[in-house]
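A short write-up of the structure that comes next.
Residue numbers (the numbering used here), protein chains in the order written: chain A, 1 to 366; chain B, 1 to 366; chain C, 1 to 366.
So this is what it looks like as structure tokens:
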């Protein structure tokens with residue numbers, strides 16, 4: 001393996017989309033179930049340690065817990081328990097060398113802590129739109145649109161996030177819904193007795209309101225848990241909405257995107273406000289991240305690509321997300337150097353764009 | 001070219017999905033037409049020997065017939081004829097070093113012989129569900145569901161196979177159909193005068209019945225003859241049915257999958273009973289198999305991936321399917337070793353899982 | 001970087017699909033906006049020179065204008081202006097070493113000149129079907145079908161081109177429309193007041209008429225400007241029409257195809273009259289073209305693949321399209337040589353097929 005390019009090794013990464021880290025210890029079953037998007041380990045398969053990600057934990061994380069490279073899974077988990085969650089979290093979050101985290105804290109907040117609890121890195125909140133709607137709708141359908149607007153006006157979030165992919169799919173109608181249609185949708189929702197925001201009109205309303213108030217909107221796209229339908233998560237389904245919102249001049253971030261990352265790259269090229277990443281996939285494919293990142297970077301302008309881990313729960317995932325991203329980015333740039341496609345100054349500029357400059361510009365970070 | 005890893009070279013492969021081999025000799029047109037999924041060689045193109053697979057025949061198969069490497073196509077076919085089908089079949093099947101074949105004998109059984117006729121390898125039957133239905137429906141719609149259940153109860157097949165992709169597409173409704181709806185569908189079928197099973201209700205019934213009786217169901221997915229519509233063969237179309245049948249705990253095998261192999265890998269990760277392979281594509285892409293296999297293995301747990309050739313008709317296809325699979329698997333594992341992602345013990349375990357252990361576990365082979 | 005294989009370096013390429021080259025000079029904004037399929041440079045991103053294609057211009061084109069490798073963008077554009085459009089056009093078109101251009105002149109003809117204005121290469125016209133219809137419909141709906149037939153009968157074009165992807169999507173009905181239905185569609189079109197041909201019936205009519213008169217039909221497929229919807233540009237949407245027209249024995253050329261190039265390869269394998277290329281993507285992905293071309297060549301018979309640049313406006317795009325195509329083809333063939341998949345004679349034959357022989361056969365060039 002080649003050493004990392006120095007300009008990549010020293011990147012002060014901004015992780016523009018992640019979740020929190022588990023406060024409590026976790027046993028082997030719990031740990032393995034967080035190495036997969038399945039709800040649990042299948043009795044028909046074998047251990048999730050027999051996967052690209054599982055092997056990466058044993059290979060790259062074990063030494064940080066003072067275990068030998070590729071220590072057996074049971075030894076790894078015993079060591080992890082003996083150190084305790086706080087120490088494990090600190091170890092991997094520090095080792096990730098991520099300088100700033102944008103955190104979607106809307107999933108299982110009671111079990112998770114923000115990464116900055118364990119590091120000196122800064123942390124900024126991302127507001128989960130569906131969760132906001134779920135809180136505000138309980139006060140009744142009448143006035144729901146205004147309550148959303150007020151909440152956004154008061155929010156200190158640096159961005160918003162939509163999980164439309166999980167709830168209604170990404171084939172969102174492009175039209176901005178009227179307040180009357182939103183109230184009617186909220187009425188139907190309340191009548192349904194469900195606490196989950198899973199209505200296309202309301203989702204679309206949330207996205208438009210967020211963009212009009214200048215909040216970048218992050219969309220989960222592609223690969224995810226078994227409760228989504230991957231066919232409904234192709235970023236191309238967002239085309240009409242992207243065309244309709246381009247004029248607002250506010251960034252839309254397509255997260256993850258695997259295995260539709262080439263489609264996402266196309267959208268980032270042709271729509272002025274679209275940015276993309278390959279978070280989640282980066283640690284999931286582990287030592288194969290170089291190919292996936294290279295594909296994702298084929299036609300996307302380098303000013304439109306970001307880094308994220310999408311890490312959730314296990315501190316190892318921040319570390320591995322950053323590790324394999326650096327590896328893949330270094331491989332991409334080294335390959336360009338070897339093919340005489342870039343000079344070193346280009347490589348350094350592109351690394352900075354993708355590692356942190358694009359995030360600073362898109363989210364107006366200081 | 002690197003030598004194969006010893007643990008891959010010595011794998012006792014289980015080919016969990018193939019067809020039979022031609023009993024009779026074949027001329028050049030017949031041979032070329034079996035190097036493509038097209039019904040025949042196009043007068044607008046050139047010889048099918050100008051394709052990855054065609055060149056692979058000349059490169060890798062010619063020496064086994066005592067011809068020089070890359071012998072001209074006509075010499076190859078003349079030599080093949082002079083040896084006779086039986087000798088050619090024996091040569092390539094033995095050289096494939098496949099220890100066990102699971103054979104879908106439902107396509108052109110009159111022209112084909114099982115591979116074990118020519119080797120000492122074992123062979124187990126796979127029951128083609130549409131063919132079973134076509135036989136049983138001729139006795140009338142009334143009682144058709146019970147006749148299917150009786151036939152399955154008596155079947156000694158190790159698994160079942162559905163060609164829904166060719167007949168109704170993979171967008172199967174998830175619901176288990178009632179007997180009454182199946183009888184009505186059989187009535188419509190008989191009234192249509194067609195002998196082909198091409199009804200969504202009946203297909204779905206067959207799949208549910210097979211799974212409930214504990215038979216793994218193999219689905220043709222992706223790439224195939226021109227009489228399918230590839231858009232209807234994306235494995236993601238099966239999502240709802242997979243979600244509905246996960247609780248049965250019986251394997252569903254997604255075959256081939258190209259060019260949707262990443263989508264298939266996602267399904268194998270998130271659904272407990274889903275297994276995948278890249279049969280057919282392995283020999284079709286030939287010396288490029290390493291990239292396709294690596295993509296297919298990105299997010300799939302290694303306990304959920306299988307080997308198959310999907311060989312049909314030409315004995316060369318078993319040999320080339322096994323040859324390029326070994327090459328691709330060795331390249332994948334060697335790349336992991338070079339990237340310090342795996343240790344040798346991991347490589348050996350993963351090779352055994354993919355080469356035969358997963359098949360033994362999923363099909364309960366002894 | 002390896003040197004090009006001599007048989008690839010010396011290929012007399014036929015560019016079977018390109019547009020014309022700008023007659024006038026262009027400033028930095030105008031130049032950058034032609035490095036992307038977006039309508040303009042996004043203020044949220046950075047310069048389009050920070051993309052694979054932008055870097056390729058500085059790397060490979062600068063030296064041809066007597067600038068240093070990777071000269072800064074502003075120096076490049078200043079030098080370009082000082083030389084003037086004619087000299088720049090001549091330089092890059094000659095350096096592309098393309099021997100023959102098939103030119104779709106239907107887009108902005110007033111601003112563009114044919115490539116042969118600046119080289120000694122030959123040039124043949126491709127008739128844009130939608131433009132023909134737009135001219136002929138102004139004479140009224142009655143008689144429109146016959147006017148189309150007469151125009152085709154008199155046309156000296158070597159092929160026709162459809163931009164159905166941009167106007168109605170590729171999900172064309174397979175049936176040949178009746179003259180009465182075409183007249184009715186033309187009536188609706190004229191009543192709409194639009195000058196654009198964007199009617200599915202008329203598109204389909206144009207395609208059938210062209211094929212029946214023996215004109216190969218080129219389809220824009222996949223990647224393109226933001227005014228298309230990429231979901232409607234998957235070549236698999238053409239499946240039914242391809243099945244219906246296979247019997248005519250006239251070539252259908254699927255252009256570009258990215259990121260659906262594997263789907264296109266499948267169609268070229270199973271349908272006798274389908275040919276494919278990866279034009280446009282070749283220069284867009286630039287130094288990454290080797291991977292894209294290799295994927296595109298996985299299952300396509302080598303007698304069914306063509307070269308094109310799809311260059312439009314900037315003379316650099318002809319040069320870079322040819323440069324990266326030669327690089328990618330050489331890499332593909334060299335990899336096959338290294339993997340012992342081909343012999344040198346095979347490599348030379350395949351290079352000639354793809355570089356020019358297939359185009360000569362499909363378009364009956366002399």
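Every residue gets a Cβ at the ideal spot worked out from N, C-alpha and C, and that includes glycine.
At least one CB atom of chain A sits nearer than 8 Å to the CB of residue 336 (chain B). If you ignore the 5 residues before and after residue 284 (chain A), its C-beta comes within less than 6 Å of the C-beta of 53, all in its own chain and listed in chain order. At least one C-beta of chain C is nearer than 8 Å to the C-beta of residue 353 (chain A). By the 16-neighbour rule on beta-carbons within 10 angstroms, residue 247 (chain A) is exposed. Across the segment 248 to 275 of chain B, CB contacts with chain C closer than 7 Å involve 259, in sequence order along the chain.
For residue 75 (chain B), the enclosing alpha helix (DSSP H) stretches over residues 73 to 83. By the neighbour-count definition (other C-beta atoms within 10 Å, threshold 16), residue 290 (chain A) is a buried residue.
Only residues of its own chain outside the window of five on either side were considered, and among them 289, 321, 324 and 325 have a CB closer than 6 Å to the CB of residue 282 (chain A), listed in chain order. Restricting attention to alpha helix (DSSP H) runs no shorter than 4 residues, the segment 219 to 265 of chain B encloses them at 239 to 245, ordered along the chain. For the pair residue 160 (chain C) and residue 215 (chain C), the CB atoms are nearer than the 8 Å cut-off. For residue 160 (chain A), the enclosing beta strand (DSSP E) begins and ends at 159 to 162.
Taking each of B:39, B:168 and B:314 in turn and checking the Cα distance to residue 24 (chain B), the smallest one comes out for B:314. A distance below 7 Å between beta-carbons, with the five flanking residues on each side excluded, links residue 228 (chain A) to the following residues of its chain, in chain order: 165 and 166.
In chain order, 29, 32, 33, 47 and 48 place their CB closer than 8 Å to the CB of residue 41 (chain B), counting only its own chain and leaving out the 5 sequence neighbours on each side. With fewer than 16 other Cβ atoms from the protein chains shown falling within 10 Å of its own Cβ, residue 225 (chain B) counts as exposed. Below the 8 Å Cβ cutoff, chain C contributes no neighbours of residue 174 (chain A), its closest Cβ being approximately 11 Å away.
Looking at the DSSP output, residue 103 (chain B) bridges to B:18 and B:125. At a cut-off of 3 residues, not a single continuous stretch assigned as beta strand (DSSP E) sits fully inside the segment 166 to 205 of chain C. Residues of chain A with a Cβ closer than 9 Å to the Cβ of residue 231 (chain C) are, in chain order, 234, 236, 237, 239 and 263. Counting along the chain, the unbroken alpha helix (DSSP H) around residue 325 (chain C) starts and ends at 315 to 338. The contact set of residue 164 (chain C) on chain A, defined by CB atoms closer than 7 Å, is empty, because the minimum CB distance reaches about 17 Å. Leaving aside the five residues that flank residue 220 (chain A) on each side, the residues in its chain whose CB is nearer than 6 Å to its CB run, in chain order, 163, 165 and 255. Per the C-alpha coordinates, the member of C:5, C:261 and C:135 positioned closest to residue 275 (chain C) is C:261. Residue 252 (chain C) sits away from residue 115 (chain C), with the two beta carbons spaced by 8 Å or more.
DSSP places residue 13 (chain C) within a strand segment (E or B) once states are collapsed to three.
According to the DSSP assignment, residue 274 (chain A) belongs to the beta strand (DSSP E) that extends over 274 to 276. The shortest C-alpha to C-alpha distance from residue 14 (chain A) to any of A:77, A:309 and A:147 is the one to A:309. Of the candidates B:180, B:173, B:143 and B:213, the residue whose Cα lies closest to the Cα of residue 244 (chain B) is B:173. With fewer than 16 other CB atoms across the displayed protein chains lying within 10 angstroms of its CB, residue 69 (chain A) is exposed. Boundaries of the alpha helix (DSSP H) harbouring residue 292 (chain A): 289 to 296, taken from the DSSP string. Distances from the CA of residue 129 (chain C) to each of C:140, C:151 and C:338 were compared; the closest alpha carbon is that of C:151. Residue 192 (chain C) counts as exposed, since fewer than 16 other beta carbons sit within 10 angstroms of its beta carbon. By the CB criterion at 8 Å, residue 231 (chain C) and residue 134 (chain C) fall outside the cutoff.
Sequence-ordered contacts of the segment 294 to 306 of chain C with chain B read 294, 295, 297, 298, 299, 300, 301, 302, 303 and 304 [C-beta pairs closer than 9 Å]. Membership of residue 28 (chain B) in the alpha helix (DSSP H) is indicated by the continuous run 28 to 33. The beta carbon of residue 350 (chain C) falls within 8 Å of a beta carbon belonging to chain B, placing the residue at that interface.
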